[in-house]
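**Q** So the protein sequences, as listed, match chains S and Y.
Take 0 as the starting number for the first sequence in numbering that gives the first Met the number 0 and just add one per residue.
Take 0 as the starting number for the second sequence in numbering that gives the first Met the number 0 and just add one per residue.
There's a structure below that I have some questions on.
2 protein chains.
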Amino acid sequence: MLALVLAIAGAQKARADEGMWQPELLPAIADKLTARGLRMDPAALTDLTEHPMGAIIGLGFCTASFVSPDGLIVTNHHCAYGAIQYASTEDDNLLEKGFVARRLRDEQRGNPTLRVYVTESIEPVTEAVRADLSDALSGKARFDAIEAAKKRLVAKCEADPGHRCDVYTFYGGAEYRLIKQREIRDVRLVYAPPLSIGRYGGDVDNWVWPRHTGDFAFLRAYVAPDGKSRDFDEDNVPYRPDHYLRINPQGVNAEDFVMALGYPGATSRHSLASEVDYAVAVGYPNRLSNVERRLRVIEEQTADRPDAALKYASAVATLNNGRKNFQGMLDGFAAADVPAAKRAVERTVARDPAAAEALERLRSALDDWFQEREARRRYDAVVRQGLLGAARTLYRAAIEAERPDAQRKPGFQERDRSRLEDQQRQLERRLDPSVDQALLALQLEEYASLGADERIDALDAWFGLQGQSPDLSSARATLDQMYARTELADTEQRLAWLQAEPETFRQSEDPFIRLAVALSETDLRLEAEEEAREGDIEQYRAAFMGARLAGSESRPLYDDANNSLRVTYGSVTGYSPRDAVELQPFTTLEGITEKDTGAEPFNAPDLQLRAIARRAGSDYASEDLDSVPVNFLSSLDVTGGNSGSPTLDGEGRLVGLVFDGNYESINADWWFSDRLTRTIHVDIRYMLWVMDVVSEARELMQELGVR
Amino acid sequence: MLALVLAIAGAQKARADEGMWQPELLPAIADKLTARGLRMDPAALTDLTEHPMGAIIGLGFCTASFVSPDGLIVTNHHCAYGAIQYASTEDDNLLEKGFVARRLRDEQRGNPTLRVYVTESIEPVTEAVRADLSDALSGKARFDAIEAAKKRLVAKCEADPGHRCDVYTFYGGAEYRLIKQREIRDVRLVYAPPLSIGRYGGDVDNWVWPRHTGDFAFLRAYVAPDGKSRDFDEDNVPYRPDHYLRINPQGVNAEDFVMALGYPGATSRHSLASEVDYAVAVGYPNRLSNVERRLRVIEEQTADRPDAALKYASAVATLNNGRKNFQGMLDGFAAADVPAAKRAVERTVARDPAAAEALERLRSALDDWFQEREARRRYDAVVRQGLLGAARTLYRAAIEAERPDAQRKPGFQERDRSRLEDQQRQLERRLDPSVDQALLALQLEEYASLGADERIDALDAWFGLQGQSPDLSSARATLDQMYARTELADTEQRLAWLQAEPETFRQSEDPFIRLAVALSETDLRLEAEEEAREGDIEQYRAAFMGARLAGSESRPLYDDANNSLRVTYGSVTGYSPRDAVELQPFTTLEGITEKDTGAEPFNAPDLQLRAIARRAGSDYASEDLDSVPVNFLSSLDVTGGNSGSPTLDGEGRLVGLVFDGNYESINADWWFSDRLTRTIHVDIRYMLWVMDVVSEARELMQELGVR
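Spelled out as structure tokens, the structure:
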């Protein structure tokens, strides 16, 4: 039916809200921003050390922002989830009840891995990275040269204590930038609404509009009295940021200008049509099926074991999100011919002969990769599973530790030490040996269904897999023995292995350590092959994107998301998901009552339902809606990592937080649709209403400058 | 959560589109009709022998209308389904392909049971029915007196050949009317779109908006050359109706006035709050569960037997419709407190002491009935199942046939003879003995779970059911024997039994006939009890409704639907099913392409999809929509039986056909909501577009006066 499904109209580009813009590109689109309704100087958004950019912070996996001179931070409830969970006990379940710290000393210590990152500078380093690269340098050698250059730049930058630096790749390698961030390590919980507000709608409403989720929470950054970053300490004091956002308690109305600042993770807007073809035909269907099978295994294994179920609750949430995401991708691609649109772009770029050549080489390298990619994914899924993954990481860390720090693989340097430890520690809360065994058996089964020539000898040898369609019974017996004999499920054991020499591993009798050692040579070979491929692909993609950049002088080209700070702008607007259905841009308090069933995830607190019924807190109501707006939709262009991004009005005041996208936005990672791609925000008026009416958080509201 | 669900706003009555109005009441609401946009004299709608009422016809289960001087009839595809199916053969599947008769002689004979009824008069007969009723006459005696009076009136009226007459009960028995209809028995198929247009969306979209169904077809009424009704005959000629509807090919726009004329079957708007309580707590949940179990049994039994599956296809469609309907009822009642609204009405009426007394007696009689109703339903479901139901009908017909015609039970008189025969014949196409046995076993199981004192001795004795929770194994063995030995599955046998004397039944060895005979005495006793109850309930309800009527002088009170001709008016309008969701009143051609998957029920013909893609037939487009409207929504008040009702604009011209309601309208049978109850129409412009672009039915369009 592809010939007849809705074509992606070329005309949709006219409104041009699309784009996760690098801040330095904003002056080039200043006229559009102003025409849309920005009432600040667009140039003011390019300076990271000024307001409002100086107030934007990263949490690593989410975005947040400073909202008071005393380091108060606002972000999504789901971004503060770990902190709230960490502060909860069985007797005092802050997650369920919500939490209000009325004084500084009541603020709760967050999970130790929680960090706040304040971007201090973004420095172009393309020349420095490329200094040792000739066009002739390709494959593994090219990869190594780039990696070495990046490590040098990072090491130099991190000589400044309390900072974290990284070299980010832009435009597939056409540009590199060194980003320096201040790292704050003491982050405390200030406020969280009850779970039944903060996660209202739960997995059911995930990626869904209309939405009624109070997805917000407040944290506070703490530093040593001298202003330096340090770990949690009773004597730490609130951090005083140079800039913080002001609130607009009136919020925005339909069609108003809005923008969001944040750290989008990864998109594939500049990927080729053939990459979409692969994703639709092979990638997503296989991942969807794998996710569904993993979910079934976990469900079966934990059915009568609440303790194990608890350990996998977070994995199940992630898998459920993945399932909805992959299905949404496939639904999205079925509704619009994205590869055709991408091919049109490729044809235009390829008018330049140099670009055409780069494109052809890139396409060919990708095609080669697609031949092996699924086989590699299945092997990786086996060897990264639970205890086996841990054993391999531990052995690799030991091997790397024998080298001077600068020569170690990224991820195994001194700067990565505490993360490695955290990872091993967290396994304790997230792994149950019998569930892990069932999952490893599942992955092994998927791997064993590969052709014999697609499989890996070392793994086959260990599990006794032979020929086409190997018998799995001996593999299952091996698994039984491995899980019966291993001591790696013990956290102290794993932490001890993190200090061990490689030779100790080679002499170990632990079956997982032995398998990790047995796979080590293969793993290194596969890694080298992978890096050689990446070296080539980066070379061709950089050339192709370089040609696109060269052709885009009159019309700036934003890059794919790469975890660096971006700006997206647009307006508050609904959409029509299908014929005769119009979704309005705002939901209201009454919609909560309407959805409520009394059962999770639609179990709003009675206090809240009663307050809605008596129209309490009508000061926060929108005149247009005659009710308090709960969530709203915009045409902003965001992706994972943008969660918690402050939504600002035309004057740069906080009017909400980004927390999700609509179902039709799922495949926007590949192609943005003006007509369908929408971002979901929690409205500042609902945040204030909840703080005031439900939580009576007067002190917090005072700090925010409201009333 | 009831305390917090949306209350039924008293204010919603303000727009007062609600009402399936008896034609004679229209002058009393003339001002409202005119204010709404009627541009005809409302009094013109009261005369059944004038235009437009004279053009409205019934099909028994659906509504239709004359649309040409030569007896051309338009109705829904699903109302003409039996005729289209009858005209189809394995080699020439008109149902799948659609059908266009380009000349009269190509028109296809419809199914022999298809009839057209033209209402000729509605005569008040309350006095005549009540002549022999005193207030003291109650129960069974009252029931019998009413039945006898009705039969006398019907017999007298039907002395005029070619007519069908019935006495209809209005306002629960406060009024009676004799309705006389001309009966036309030769009805032929003129035009049907392909199934994939006429049933587009199938069961999935049933009761759903947005909708894209081409639910229309054309028939023609034929009579003898002398103008009298007769069965199909080659020499019959097209019937020339006194009146026929004219088409408005421009259709209507959003907010325009529309009205529909038709034969709604049954509603419960005047039922008591306690009747809703019972329906919600007992009636619908039990029926829903029963329907689901029957569906499962049929699915299991027909899984590997396409012939049996075909026989039950129509039953499955009916059960699926029932499942959606019962679930929709329960969903609707969960969303709005209908009993509270009904109690408010009851309180108002009960201010009058006589009304209060009638209400109290009615309530008490109903409460008594509720005690036994579910037990009776389960018994009925057993004894009405398939072959057993047929055996009981045949024996009863034999018993009744011994009496003079006027004294026989309605349903068993001479006037019912051909229907009884058709019924027995049709069983051949709809019954498979092993499926029937499984269904009877299921109903027996539900019956056996009743308490011993709720069960019926005669049935228990036959199947060996004893005490509480009886063992069913002997009953199952009995069923095996019965189905192995019976000859009643043979149609000729059943038709022969329709001629047999009661004594022949009593001597039969056929197990189903023997069981029918064994149950006969009980059946007659239960029927008498039921009639006694009905006599009482009718007496009290008539008194209660009489009081309501007396209090409604300033504001006319329409009656519940009772299969008699009604008028409903309102406007073209969308609705909001929930917070932030607005459903527009029109769907468009593009929505068909959008929904299409290529697989049933979303498998529009390629020809159609291509025509949509190239915007063929844009003459039929609405300027507002920039596309051809497919279906539209209105605030009209309809129910089952209204299917096929012509939708007229303010000047009485045809602009569409009623064919369904939205999901939220399902429980409107009990309570109409201005905010949520909507009717779904097929738009005249889509009908013309399909006839023109897909079917090239030029002759038909010419007859309709278009181009």
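Yeah, the Cβ is synthetic: ideal placement off N, Cα and C, and Gly gets one too.
Hey, how far is the Cα of Y/SER644 from the Cα of Y/PRO26?
**A** Approximately 21 Å, taken between the alpha carbons.
**Q** Just checking, does the segment 103-117 of chain S make contact with the segment 51-65 of chain S on the three C-beta pairs under 8 Å criterion?
**A** Touching, per the Cβ criterion.
**Q** From Y/LEU24 to Y/ASP558, what does the alpha carbon distance come to, in whole angstroms?
**A** Cα-Cα distance, rounded: 10 Å.
**Q** What residues of chain Y sit near S/ASP91, judged by a beta carbon separation below 7 Å?
**A** Chain Y residues near S/ASP91: none, gap ~28 Å exceeds 7 Å.
**Q** With a threshold of 6 Å on Cβ separation, who are the neighbours of S/ALA667 within its own chain once the five nearest residues in sequence on each side are excluded?
**A** Around S/ALA667: THR676.
**Q** Within the 8 Å Cβ cut-off, does S/PHE585 reach chain Y?
**A** S/PHE585 counts as touching chain Y.
**Q** Starting from the Cα of Y/SER709, find the closest Cα among Y/GLU702, Y/VAL689 and Y/ARG35 and give me that residue.
**A** Residue 709 of chain Y lies beyond the stretch modelled for chain Y, which goes from 0 to 706, so this question has no answer here.
**Q** Can you list, in chain order, the residues of its chain with a C-beta nearer than 6 Å to that of Y/TYR619? Leave out the 5 residues immediately preceding and following it.
**A** Correct list, in chain order: VAL627, ARG684, LEU687 and TRP688.
**Q** Output the distance between the C-alpha atoms of S/ALA499 and S/ALA397, rounded to the nearest integer angstrom.
**A** Those two C-alpha atoms are separated by around 6 Å.
**Q** State yes or no: is the C-beta of S/SER259 within less than 8 Å of the C-beta of S/ALA79?
**A** According to the sequence provided, residue 259 of chain S is Ala. The question's Ser does not apply to it. Result no, Cβ atoms of S/ALA259 and S/ALA79 do not sit closer than 8 Å.
**Q** Please report the straight-line C-alpha distance between S/VAL693 and S/ASP204, rounded to a whole angstrom.
**A** Spanning the two alpha carbons is a distance of roughly 22 Å.
**Q** Could you give the uninterrupted runs of the beta strand (DSSP E) lying entirely in the segment 71-141 of chain S, keeping only those of 3 residues or more?
**A** DSSP runs (the beta strand (DSSP E)) wholly in the segment 71-141 of chain S: 71-74 and 115-123.
**Q** In the DSSP assignment, what are the bridge partners of Y/ASP659?
**A** In the DSSP output, where bridge partners are listed per residue, Y/ASP659 has Y/ILE679.
**Q** Taking C-alpha atoms, which residue in S/ASP46, S/TYR199, S/VAL66 and S/LEU318 lies nearest to S/LEU647?
**A** The shortest C-alpha separation from S/LEU647 is found at S/VAL66.
**Q** Consult DSSP for S/ASP479 and reduce its assignment to one of helix, strand or coil.
**A** S/ASP479: helix per DSSP, three-state reduction.
**Q** Bridge partners of Y/LYS179, per DSSP?
**A** Bridge partners of Y/LYS179: Y/SER120 and Y/CYS164.
**Q** Pairing CB atoms from the segment 622-639 of chain S with CB atoms from the segment 564-574 of chain S, are three or more of them under 8 Å?
**A** Cβ pair count under 8 Å is three or more, so yes.
**Q** I need the boundaries of the alpha helix (DSSP H) containing S/VAL203, first residue and last residue.
**A** It spans 201-204 - the alpha helix (DSSP H) in which S/VAL203 sits, taken as one unbroken run.
**Q** Can you have a look at Y/LEU94 and say buried or exposed, based on whether 16 or more other CB atoms are within 10 angstroms of its CB?
**A** Its Cβ being crowded by 16 or more others within 10 Å, Y/LEU94 is buried.
**Q** Which residues in the same chain as Y/GLN84 place their Cβ atom closer than 7 Å to its Cβ, once the five residues preceding and following it in sequence are excluded?
**A** Excluding positions up to five away in sequence, the list reads LEU94.
**Q** Mind pulling the chain Y residues with CB within less than 7 Å of S/GLU723?
**A** Since the first residue shown for chain S is 0 and the last is 706, residue 723 of chain S is missing from the structure and cannot be characterised.
**Q** Pull up the distance between the alpha-carbon of S/LEU419 and that of S/PHE411, whole angstroms please.
**A** Near 8 Å, if we compare the C-alpha coordinates of S/PHE411 and S/LEU419.
**Q** Locate the beta strand (DSSP E) running through Y/THR646, then write down its first and last residues.
**A** Per DSSP, Y/THR646 belongs to the beta strand (DSSP E) from 645-647.
**Q** Pick out the complete beta strand (DSSP E) segments inside the segment 583-651 of chain S, 3 residues or longer, and give them in chain order.
**A** With a minimum length of 3 residues, the continuous beta strand (DSSP E) runs that stay inside the segment 583-651 of chain S are 585-587, 628-633 and 645-647.
**Q** With a CB to CB cut of under 6 Å and the five nearest residues on each side skipped, what residues in its chain are close to S/HIS50?
**A** So the list reads HIS242, once near-sequence residues are dropped.
**Q** By DSSP, does S/THR212 sit in helix, in strand, or in coil?
**A** If DSSP states are grouped into helix, strand and coil, S/THR212 belongs with coil.
**Q** Pull up the distance between the alpha-carbon of Y/SER270 and that of Y/TRP669, whole angstroms please.
**A** Their backbone Cα atoms lie some 8 Å apart in a straight line.
**Q** What does Y/ARG493 reach in chain S if we use C-beta pairs closer than 9 Å?
**A** Residues of chain S passing the Cβ test: none, with the nearest at roughly 48 Å.
**Q** Per DSSP, which residues does S/GLY57 bridge with? Please list them.
**A** According to DSSP, S/GLY57 bridges with S/THR62 and S/TYR116.
**Q** Could you work out which residue in S/LEU37, S/VAL166, S/ARG104 and S/HIS76 is closest to S/ASN561 when comparing CA atoms only?
**A** Checked all of S/LEU37, S/VAL166, S/ARG104 and S/HIS76; the closest Cα to S/ASN561 is S/VAL166.
**Q** Given that S/GLY590 touches chain Y, what residues does it touch there, using C-beta distances under 8 Å?
**A** Going along chain Y in sequence order, the residues near S/GLY590 (Cβ under 8 Å) are ARG577, ASP578 and ALA579.
**Q** Leaving aside the five residues before and after Y/ALA353 along the sequence, list all residues of the same chain whose C-beta is less than 8 Å from its C-beta, in chain order.
**A** The residues are ALA542 and ALA546.
**Q** Taking buried to mean at least 16 other C-beta atoms within 10 Å of its own C-beta, is S/LYS323 buried or exposed?
**A** Buried, since its Cβ has 16 or more Cβ neighbours within 10 Å.
**Q** Among the residues of its own chain, which have a CB less than 6 Å from the CB of Y/PRO501, if the five just before and after it don't count?
**A** These residues qualify, in order along the chain: ALA397 and ILE398.
**Q** Beta-carbon within less than 6 Å of S/GLN436's beta-carbon, same chain only, minus the 5 sequence neighbours each way: which residues are those?
**A** These residues qualify, in order along the chain: LEU478 and TYR482.
**Q** Under 8 Å between beta-carbons, which chain Y residues line up against S/ARG193? List them in chain order, please.
**A** Residue 193 of chain S is actually Pro in this sequence, not Arg. Neighbours of S/PRO193 on chain Y: none; closest Cβ ~17 Å, over 8 Å.
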